[in-house]
Every structure is written in structure tokens, then in C-alpha cells.
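*Asks:*
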Amino acid sequence: MSKNTEEERVDLSKLAEANPDNIIPEEETSAADFRTDPLLFALADEGYITELQAQELMEEHERSGKTPRDLLVDQEYMEEGSLLEVIAGQLGTSVLDIEHYEIDAETITAIPGSMARMYNVIVVEDTPSSMVLATYELVPLEIGDEIGFALGKDVSFVVGAKDAIRAFIEKNYGEDADSVAGILDDMALGLDSAGEGEVKSGMLNVDDMLEQADAAPVVRFVNLVLYQAVQERASDIHFEPFEKDFKIRIRVDGALYEMAPPPRHLAVPIISRVKVISGLDIAETRLPQDGRIEMVIKQRPVDFRVSTLPTAFGESVVLRVLDRSALGLKLENIGLPKIVFDEFIIDIEKPNGIIIITGPTGSGKTTCLYSALQKVNKVEDKILTAEDPVEYDLDGIVQVQVDERAGSTFAKALRAFLRQDPDIVMVGEIRDLTTCRIAIQASLTGHLVFSTLHTNDAAGAVTRLVDMGIEPFLIASSVEAIMGTRLLRKICSECKTPFTPNDDQLKSIGLRREDVGDQVFYTGNGCETCNQTGYKGRRGLFEYLRASDPIRELINERAPTLEINNKARELGMRTLREDGIRCILDGYTTIEEVLKYT
């Protein structure tokens, strides 16, 4: 958008909507089955609650984020004493009165505070070969095995009151900030810098590396990093070795923050540990590798997609965090403006055509795709997806992992799909002419196709397809809609403060002083909640280009991107910049964020 021409200034009246929050109302959608939660399943199976009540609790868990265990007590389905008896029965143990149980100082320190907080447990008995932990949750078997492995002991459980255990943890283990330092001290004492030179030269002693990777302090440290990343809602974790430093950074709301850095010589055992639990070849340090970690953190299933990259000073490792419990995969919950939502619903329920979602990496394309697939996922339709990688497992949808190194490409998968009698097909990304041609062929033969493109805006997707070599008439006849997406940071609600923008700031987004009148703008001053950034959480921006007859005519005429974009705006499309301005006026974000991402 030009900042100087009068005719291209933002018309505030076009941005106004009846819904001041610019968000569609919550609708009834399918929730996860209560049978996936061991506690709710056990209670329903034993008749403590009905299946309907269990399902309602599961849906409330998804909406509020509260654990089913807490909801059972808070909503008075069960008294805590009765609930603890059920949990103890499931674990094959007994209930212990933690408040009146004497635990000596040496036993308390048998596990670090980080582990106590991570798994909500305390030690009540400790011997050289075994340990008894008190918990207030129904601990999955794999968590018990993980704790036992980290401690090198046989672990068993007793059950105690939540308030008593939480109070004990707070009293005896202090603040979270000390936990990283404590584990680093343990690692520094237990591990030396041996092996660093061999790693640089590629001459690894694999047995030594495995031994260091399995050392209890290393296991605890890596678990803690993953735990903190999930707690902070991080999207990525970066392990970065440099000549004199080893940095660990997490990306939260699109920005990177550095964690407490371990000593440089601990890079090898830490990275080796990550490679071990992600199933990678620990001896291979000269080639990139890809792996996957599946964990349950505080009874939440979390996937980490692992990528290693050899560098001059060791392997750089990046983990993409896929917190399944943090993503509801409901189209109603991703922040679509109501007008876009209504049009999108119409288009994704068509029997054929191509729906394209565009934007750079990390702009929310995958979330939009999965949410759309969940919306159209019905028993009567067969849905096939080709993805690189498969990020979330969707019930009722056949998902195929693309691996180009093994010869499995999007084009080959899509070709095979057409012989599998699908109704709906999702291609993770249209990367080349062959894939694009097959996608168009699928849409023209009665299939609905979802895919993504890396372009700056919705109109640019048309030009990108033409540049690939697709004839304009094929684009015009197959593409039904293109949605551009971005994610920008929201102002922290704890330190949100009104401010008055100057004329230059208003001009930068196409507004004048007389346009805004007494409109209140906001900024974030920075606080502990948002790590002094002024931002907390993210919000989507969307522009939606429907392939109406005037747009199809322009595509057939090979019209440039700007002309298609202008015609779409005439027909009512709100651009990413205009949707961003709406977010500014509604008090969700700042001028700087909108300028940065649009």
C-alpha cells in the first residue's frame, strides 16, 4: 500500500464490523474423546461418573486448559478424598497423609526441584536401589519409566492430596530459576571436556558419547529444557554450538529468547542426548539428520521434530515443538474474521477445486490447513494428505509422510492418491510444476484439494503458479480461493497501556489524524509476564481472495498481481495490512507489529 497517495489511504468505514472483536462466535465442534484420558475413562468405566459427564469434562478441559483431575474436584463431581482413592486403585497403591508424614532432609534432596515440579512428585522413601514418590495424579506408565531411568532406580508411587504436595514442593525446592543452575552444576561435576576434539574432527568414540548422553544430569537437563519450552509455549528450541559458547534459545511468539547457557564442553553430551531420544545416529556428525521425539509432559502429548545441521563448531540442533494440547485444530478458534470465516466455510464445502493458503514459514499455514481438514472430516468422505512432515495425527484421515531422499515426493504421492478413491486431498506444499499439474488435474476430476504456497500475499499466488508454467485458464478454472496469513504478537494484557501515536506513525499505516479522531491506541510497557517485551501471545491476520468471475477474467488475461489485488479489494477483500489496522484499532497489537509483518 502506498503511504502517499490519497486514493490508497485506509477507509476506516470498510474495516468496521458488527462484531467488535472481529472474531467469529464459538460453535459446537467435535472434541477429543474422553476415552483418551486414563482418569476419565477409569471413572466412567467404574461408574463414578457417566460417559456424558466424562465427555463434558473432556470438552471443558480442551476449552479451559484445566486438567480433568482438577475439574472433577472444582465442579464437585467428586470429593478429593474419593478421587485419590480411585487414582490409588488405578496405580495399585495407597493414599498417604502427606501433611503428617515425616520426610527427612536427605530424602527430600534425593531428587532435584526441577524433577519435582516437572512431574508433580515428592520423595517419601529412598533406598540405594528404589524410591517411593508421592503424586496426586494418575501417572502414566511411560512417565514412571522415564523418572526411573533418569534416577537410575526402581520407582513406585503413593497418592497424596494435591495442596499438600504442591505446598511441600514450594517450601522445599524454591523457585524454578535455580533448577537450571543446579543441574548445570551437577553436569559440570560429573562430565569433563573429553571428546570435544574428536567431535570437531569427526572421530567419535561412540561408547563414550552414549555414556555421557545417558548420564543422569544430562537426562534431567534436556528434560527440563523441553519442559520449560512447552511451559513457555515455545514453537522452537535451538541448541547452537559456537567456538567459545554453547547457546540454547527458544522462540516464543516469533521472537528468540536465550536460556541459561551451559558450559561449552557440555555441548556434545547435551546434543548427543537429544539425538539419542530422537532416534538419530549419534556417530554421524557430518550430515544433516531429521528425527522425532514423542513425550508426555504434565499429561500433555507433545511432539518435537528434530533437525541437526553440521557446523564449524559442532552440530546445531533445532526442535520444532508441536504441543497437541495447545492446538485445538478448530476452525472457529484460529481467529478468522467473521466475513472470512463465512466465505471459507462455503468454499471448503464445495465438491471440487483448489484451496490455497499462502504466507512465509511460521505464518500459520499448517494450522489453517489442519483446522480446515478437521472441519470437513466426515465419515462419508475419504481424506488423504501428503505432508513433509506429518505434524499432527488426525483421526479418520489417511496421512502420508513425504521423504524426497527416499524417492517419495509430493508428486508421486499425489499420483498414487488418485488411485485411492479420495474425496478430499491435502498436499503440504506445491513446490514444482509436476505437483501443481497433478493437483489441478485432481481438482478438475472432482476432488477438493488443499495446499500451500510461499508467497507474500494472496494475489501473488496466481503469479507464482503462472511462473511455474501453469496455463492461466487452468488456474482460473480450478482455484476456488486463496487465503494469505500472518502471525503477529499481541500486546501483553498485564502491562497494556494507552498511548497517542504521532503523525509519522499514523502515516506509516495510511491513516491521518482526522481519520482516527479520539481512537485509543495501546502499547505494552513490559513486565515479568511478557519477559519485558510488551507482547504475550499471537494473533492471526488474514486476507481472503475468492475466485469470482471478475478475478477469473483477470487471471485468464495474465493480469499482474497488483491489478488482481486491486480488483479483489474493490470486491470487498480486506488486505493483510487492513486486517492489521483493524487489530490495532481493536487494541490487540501495535503499529510496529503490523508494519513488521505486512
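For the sequence shown, the residue numbers in my numbering are -8 to 589. Beta carbons are placed, not taken as given, at the ideal position from N, Cα and C, and that holds for glycine. Computed from a prediction, not measured in an experiment: that's the story for all the values here.
#1: May I have a chain-ordered list of the alpha helix (DSSP H) segments no shorter than 4 residues that lie completely inside the region 67 to 150?
#2: Pull the bridge partners of residue 248 from the DSSP assignment, please.
#3: For residue 452, does the three-state DSSP call read helix, strand or coil?
#4: Pull up the DSSP beta-bridge partners for residue 309, would you.
#5: Indicate the three-state DSSP secondary structure (helix, strand or coil) for residue 408 in the structure shown.
#6: Rounded to a whole number of angstroms, what is the C-alpha to C-alpha distance between residue 497 and residue 587?
#7: Considering only the alpha carbon of each residue, which of 485, 478, 438, 431 lies closest to residue 459?
#8: Looking at the secondary structure, which residues open and close the alpha helix (DSSP H) in which residue 465 lies?
#9: Determine contact between the region 450 to 459 and the region 419 to 431, defined as no fewer than three beta-carbon pairs at a distance below 8 Å.
#10: For the beta strand (DSSP E) containing residue 532, name the first residue and the last one.
#11: Which residue marks the beginning of the beta strand (DSSP E) containing residue 604, and which one marks its end?
#12: Give me the residue from 517, 492, 267, 514 with the minimum Cα distance to residue 507.
#13: Would you report the Cα separation of residue 100 and residue 208, rounded to the nearest angstrom?
#14: My output table needs one value for residue 51: the three-state DSSP class, helix, strand or coil.
#15: Taking residue 62 as the reference, which of 40, 415, 225, 79 has the closest Cα?
#16: What are the partner residues of residue 399, as DSSP defines its beta bridges?
#17: When the Cα atoms are used, what is the spatial distance from residue 509 to residue 452?
#18: Rounded to whole angstroms, what's the CA-CA distance from residue 575 to residue 310? Just pull it up for me.
#19: Rounded to a whole number of angstroms, what is the C-alpha to C-alpha distance between residue 518 and residue 244?
#20: Does the contact criterion of 3 or more C-beta pairs under 8 Å hold for the region 517 to 531 versus the region 405 to 413?
#21: Pair every Cβ in the region 87 to 107 with every Cβ in the region 144 to 161, then say whether three or more of these pairs are closer than 8 Å.
#22: In whole angstroms, what separates the C-alpha of residue 166 from that of residue 129?
#23: Within the same chain, show all residues whose beta-carbon is closer than 7 Å to that of residue 541, passing over the 5 residues directly before and after it, in chain order.
#24: What is the DSSP secondary structure of residue 271, counted as helix, strand or coil?
#25: Do residue 135 and residue 146 come within 8 Å of each other at the CB atom, strictly closer than that value?
#26: Does the structure place the region 246 to 253 close enough to the region 263 to 275 that three or more beta carbon pairs sit under 8 Å?
#27: Flag this pair as yes or no: are the beta carbons of residue 546 and residue 467 separated by less than 8 Å?
#28: Restricting to Cα atoms, I'd like to know which of 366, 443, 118, 560 is closest to residue 98.
#29: Taking DSSP as the reference, what is the three-state secondary structure of residue 362?
#30: Tell whether a beta-carbon distance below 8 Å holds between residue 477 and residue 326.
*Replies:* To lay it out plainly:
#1: Entirely contained in the region 67 to 150, the alpha helix (DSSP H) runs reaching 4 residues are, in chain order, 71 to 82, 96 to 99, 104 to 110, 132 to 142.
#2: Checking the DSSP bridge columns, you'll see residue 248 partnered with 241.
#3: Helix, per DSSP.
#4: Per DSSP, 229, 298.
#5: In this structure, residue 408 counts as helix in the three-state DSSP scheme.
#6: Looking at the two C-alpha atoms, the distance is approximately 15 Å.
#7: Between residue 459 and the set 485, 478, 438, 431, the nearest pair of CA atoms involves 431.
#8: Under the DSSP assignment, residue 465 falls in the alpha helix (DSSP H) whose first and last residues are 463 to 469.
#9: Short answer: they touch.
#10: Unbroken beta strand (DSSP E) run through residue 532: 526 to 537.
#11: Outside the shown range of the chain (-8 to 589) lies residue 604, about which nothing can therefore be said.
#12: For residue 507, the closest alpha carbon among the candidates 517, 492, 267, 514 is that of 492.
#13: For residue 100 and residue 208, the distance between alpha carbons rounds to 14 Å.
#14: Note: residue 51 maps to helix in three-state DSSP.
#15: Among 40, 415, 225, 79, the Cα nearest to that of residue 62 belongs to 40.
#16: 394.
#17: Each residue's Cα considered, the two are about 38 Å apart.
#18: Cα-Cα distance, rounded: 32 Å.
#19: Each residue's Cα considered, the two are about 16 Å apart.
#20: Contact between the region 517 to 531 and the region 405 to 413 is absent: fewer than 3 CB-CB pairs across the two stretches fall below 8 Å.
#21: Contact check between the region 87 to 107 and the region 144 to 161: three or more CB pairs, one atom from each, fall below 8 Å, which counts as touching.
#22: In this predicted model, residue 166 has a pLDDT of only 48, less than 50, meaning its place in the structure is not dependable; the value taken from the coordinates is given anyway. Looking at the two C-alpha atoms, the distance is approximately 25 Å.
#23: The residues are 558, 562.
#24: Coil, per DSSP.
#25: Yes, they are a contact pair.
#26: Too few Cβ pairs lie closer than 8 Å, so no.
#27: Yes; because the gap between Cβ atoms is below 8 Å, this pair is in contact.
#28: That would be 118, whose Cα lies nearest to the Cα of residue 98.
#29: Three-state result, residue 362: helix.
#30: Between residue 477 and residue 326, the C-beta gap is not smaller than 8 Å, which leaves the two residues out of contact.
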